[in-house]
Amino acid sequence: MANHVSSLKRARQTVAKTAVNRSNKSKLRGTLRLLRESIAKGDHAAATTQYRETASILDKSVQKGVLHKNTASRYKSRLNARVKAVAPKKAA
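In the UniProt record's numbering, the protein residues as written are 1 to 92.
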């Protein structure tokens, strides 16, 4: 256990920051799950709407330090490709 005043404060700060980081990660995982479920159902309109929300949360998670920017970019690219694959085919 910490003995110095500064290390006690650091321990308190760590608890608070851990809670915030856990919340941000949980929100990110939840929105990714919702997007993957809408893609699995094959509903293009719902998937497109959910993709916009997910991309926004991915960008916010980069700003908050939860994800690296290249990781978020990779997620967005792969998810967008999956959303496009669900799109209805146009008749020629």
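Glycine included, every Cβ here is placed at the ideal spot set by N, Cα and C.
Owing to the predicted nature of the structure, the values given are computational and were not obtained by experimental measurement.
Residue i vs residue j beta-carbon contact at 8 angstroms
i	j	result
residue 67	residue 50	no
residue 76	residue 24	no
residue 5	residue 39	no
residue 2	residue 16	no
First through last residue of the alpha helix (DSSP H) which encompasses residue i
i	result
residue 160	The shown model of the chain, from 1 to 92, leaves out residue 160, and the question about it has no answer.
residue 17	5 to 41
residue 67	Unbroken run through residue 67: none, as it is neither H nor E.
Rounded C-alpha distance that separates residue i from residue j
i	j	result
residue 58	residue 83	16 angstroms
residue 88	residue 60	30 angstroms
residue 42	residue 48	11 angstroms
residue 44	residue 71	24 angstroms
Top-ranked residue by Cα proximity to residue i, from the options
i	options	result
residue 55	7, 21, 73 and 6	73
residue 33	53, 20 and 45	53
Closer than 7 angstroms: residue i CB and nearest the ligand FAD heavy atom
i	result
residue 26	Looking for the ligand FAD in the displayed structure turns up nothing, as the structure carries no ligands at all.
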